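Have a look at the structure below before the remarks.
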Amino acid sequence: MHSPIEQFEIKYFIPQILFSNASLFMVIALAIIVGGLLLATSKRSLVPGRAQAFAEGLHDFVLNMMNETTGKDGMRFFPLVFSLFTFVLTANLVGLIPYSFTVTSHLIVTFALAVLVIGTVIVYGFMHHGAHFLHLFVPSGVPGWLLPFLVLIEIISFISRPISLSLRLFANMMAGHIALKIFAGFVVMLGASGFFAILSPLPLVMAVALMALELLVACLQAYVFAILTCIYLNDALHIDH
Amino acid sequence: MDLSTLKFLGAGLACLGMGLAAMGVGTIFGNYLSGALRNPSAADSQFARAFIGAALAEGLGIFCLVVALILLFVV
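Below, the structure is given as structure tokens:
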């Protein structure tokens with residue numbers, strides 16, 4: 001009987017260059033994205049085939065999402081958001097294949113992605129607006145005695161953004177995979193328990209249902225990660241208050 | 001009661017917060033759905049906002065999970 005968190009163990013395949021199973025599955029996810037998009041757009045035609053329609057659909061999906069949240073001048077960040085969305089989505093989906101490794105179930109990976117997003121927001125905000133970027137922390141139309149508290153709250157909420165952005169993806173993927181493993185373990189435990197073995201298909205049904213839920217969560221969390229990235233970038237682009 | 005027992009009790013109590021976050025997410029999607037049924041033509045434009053609210057509410061519940069994990073594995 002394996003422990004449910006054993007699936008997250010890092011194993012080094014080539015210790016000399018620290019190439020682990022996490023690195024391998026990141027390379028696999030990257031190869032799927034780059035190879036798939038290159039293949040889908042290699043035979044470009046006016047009436048798209050199945051692969052080209054899928055690639056265009058993916059592109060238009062992210063494009064519409066950015067149009068709604070950041071507006072036209074957010075389009076310079078389209079490559080960043082599209083890369084983040086496809087990488088998180090592919091890494092989540094590849095991780096659902098049994099015996100594979102989920103890259104996004106490691107906090108350090110999601111935290112690196114979140115720091116990339118917030119770093120872009122801060123660097124672009126200061127480059128584009130200069131010191132005016134600090135107005136992000138000062139809400140307008142507030143009575144003076146309340147202002148210090150609100151500035152403090154705004155600063156805390158800004159600092160908690162990379163934490164919550166990374167923790168959300170990490171915790172969703174990790175908790176889902178642990179739940180899958182535990183229900184799969186129930187099948188084995190009930191099957192080996194003599195009379196109650198007739199009950200063992202019940203957790204199997206549950207594991208199949210959980211797998212469908214995890215498929216939904218994998219797509220949903222990639223969407224949430226991308227749309228929150230757009231919203232944080234929107235703060236750096238338009239400082240209204 | 002020794003310290004490790006209290007640790008597990010604390011981890012279990014921290015998980016109550018995730019149930020409260022579930023109530024928040026349920027409220028958001030319930031209200032979104034009731035609004036969408038009243039005015040289906042406006043539903044699509046507010047779809048992203050419903051998910052943003054749900055993601056923020058869920059994020060606060062996930063902090064509870066992190067408290068539980070810290071209690072179990074770090075402290």
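Chains L and H supply the protein sequences, listed in that same order.
Numbered by full-length UniProt numbering, the letters in the first sequence go through residues 1 to 241 in order.
Numbered by full-length UniProt numbering, the letters in the second sequence go through residues 1 to 75 in order.
Built from N, CA and C at the ideal position, the CB exists for glycine as well.
As the structure is a prediction and not an experimental result, all values here were calculated from the model.
Using a C-beta to C-beta distance shorter than 8 angstroms, which residues of chain H count as neighbours of residue i?
{"i": "L:Met65", "result": "Ala48"}
{"i": "L:Thr69", "result": "Ala48"}
{"i": "L:Ile231", "result": "Ile52"}
Within this structure, are the beta carbons of residue i and residue j separated by less than 9 angstroms?
{"i": "L:Thr90", "j": "L:Ala22", "result": "no"}
{"i": "H:Ala21", "j": "H:Ala68", "result": "no"}
{"i": "L:Leu220", "j": "H:Phe51", "result": "yes"}
{"i": "L:Leu165", "j": "L:Val117", "result": "yes"}
{"i": "L:Ile231", "j": "L:His132", "result": "no"}
{"i": "H:Leu65", "j": "L:Ala171", "result": "yes"}
{"i": "L:Glu68", "j": "H:Ser4", "result": "no"}
{"i": "L:Leu150", "j": "L:Pro139", "result": "yes"}
{"i": "L:Val62", "j": "L:Val81", "result": "yes"}
{"i": "L:Phe19", "j": "L:Met174", "result": "no"}
{"i": "L:Gly236", "j": "L:His129", "result": "First, the amino acid is wrong: residue 236 of chain L is Ala here, not Gly. Taking 9 angstroms as the Cβ cut-off, L:Ala236 and L:His129 qualify as a contacting pair."}
{"i": "L:Val121", "j": "L:Leu228", "result": "no"}
{"i": "L:Thr41", "j": "L:Gln52", "result": "yes"}
{"i": "H:Gly18", "j": "H:Gly59", "result": "Inspection of the sequence shows that residue 18 of chain H is occupied by Met rather than by Gly. No, the Cβ-Cβ distance between H:Met18 and H:Gly59 is not below 9 angstroms."}
{"i": "L:Leu113", "j": "L:Phe225", "result": "yes"}
{"i": "L:Leu107", "j": "L:Leu167", "result": "yes"}
{"i": "H:Ala43", "j": "H:Gly35", "result": "yes"}
Which same chain residues end up closer than 6 angstroms to residue i when comparing Cβ atoms and leaving out the 5 residues on each side of it in sequence?
{"i": "residue 262 of chain L", "result": "Summary: the structure shown does not reach residue 262 of chain L, with chain L confined to residues 1 through 241, and so no result is reported for it."}
{"i": "H:Gly53", "result": "Ile28"}
{"i": "L:Leu33", "result": "The displayed chain sequence assigns Ile, not Leu, to residue 33 of chain L. Counting only Cβ-Cβ distances below 6 angstroms, and skipping sequence neighbours, we find Thr86 and Thr90."}
Using a cut-off of 8 angstroms between C-beta atoms, extract the partners of residue i located in chain L.
{"i": "H:Leu65", "result": "Ala171 and Ala175"}
Determine the chain H residues that contact residue i at a beta-carbon separation under 9 angstroms, and present them in chain order.
{"i": "L:Ile227", "result": "Ala48, Phe51, Ile52 and Ala55"}
{"i": "L:Val224", "result": "Phe51, Ile52, Ala54, Ala55 and Glu58"}
Excluding sequence positions up to five away, which residues of its chain have a Cβ less than 8 angstroms from the Cβ of residue i?
{"i": "L:Ser100", "result": "Phe25 and Val94"}
{"i": "H:Lys7", "result": "Leu71, Leu72 and Val75"}
{"i": "L:Met66", "result": "Gly74, Met75, Phe77, Phe78, Val81 and Cys230"}
{"i": "L:Ser45", "result": "Gln52"}
{"i": "H:Leu16", "result": "Cys64"}
{"i": "L:Ile178", "result": "Pro4 and Ile5"}
{"i": "L:Pro98", "result": "none"}
Determine the DSSP secondary structure at residue i, reduced to helix, strand or coil.
{"i": "L:Ile10", "result": "coil"}
{"i": "L:Ser20", "result": "strand"}
{"i": "L:Ser100", "result": "coil"}
{"i": "L:His106", "result": "coil"}
{"i": "L:Leu93", "result": "helix"}
{"i": "L:Asp60", "result": "helix"}
{"i": "L:Asn67", "result": "helix"}
{"i": "L:Leu46", "result": "coil"}
{"i": "L:Val81", "result": "helix"}
{"i": "L:Gly144", "result": "helix"}
{"i": "L:Asn172", "result": "helix"}
{"i": "L:Ile122", "result": "helix"}
{"i": "H:Ala68", "result": "helix"}
{"i": "L:His238", "result": "coil"}
{"i": "L:Pro4", "result": "coil"}
{"i": "L:His207", "result": "For the sequence presented, residue 207 of chain L should be read as Ala rather than His. If DSSP states are grouped into helix, strand and coil, L:Ala207 belongs with the helices."}
{"i": "L:Pro139", "result": "coil"}
{"i": "H:Asn39", "result": "coil"}
{"i": "L:Ser193", "result": "coil"}
{"i": "L:Thr41", "result": "coil"}
{"i": "L:Cys230", "result": "helix"}
{"i": "H:Cys15", "result": "coil"}
{"i": "H:Met1", "result": "coil"}
{"i": "H:Val75", "result": "coil"}
{"i": "L:Ser200", "result": "coil"}
Cβ closer than 7 angstroms: which chain H residues qualify as neighbours of residue i?
{"i": "L:Ile108", "result": "Going along chain H, no residue has its Cβ under 7 angstroms from L:Ile108, so there is no contact; the nearest lies around 14 angstroms."}
{"i": "residue 280 of chain L", "result": "Nothing about residue 280 of chain L can be reported from this structure: the residues present for chain L run from 1 to 241 only."}
{"i": "L:Ile155", "result": "Going along chain H, no residue has its Cβ under 7 angstroms from L:Ile155, so there is no contact; the nearest lies around 18 angstroms."}
I want to verify the contact list: residues of chain L whose CB lies under 7 angstroms from the CB of residue i, in sequence order.
{"i": "H:Ile62", "result": "Leu167, Arg168 and Ala171"}
Could you pull out every residue in the same chain whose Cβ sits closer than 7 angstroms to the Cβ of residue i, ignoring the five residues on either side in sequence?
{"i": "L:Ala222", "result": "Phe85, Val88, Leu89 and Asn92"}
{"i": "L:Pro203", "result": "Phe183, Phe186, Val187 and Leu190"}
{"i": "L:Ile155", "result": "Phe137"}
{"i": "L:Glu214", "result": "Leu96, Gly176 and Leu180"}
{"i": "L:Pro48", "result": "Glu56"}
{"i": "L:Phe126", "result": "Phe133"}
Quick one: does the C-beta of residue i sit closer than 8 angstroms to a heavy atom of the ligand FAD?
{"i": "L:Ala207", "result": "Of the ligands one can find in the structure shown there are none, so the ligand FAD has no counterpart to examine."}
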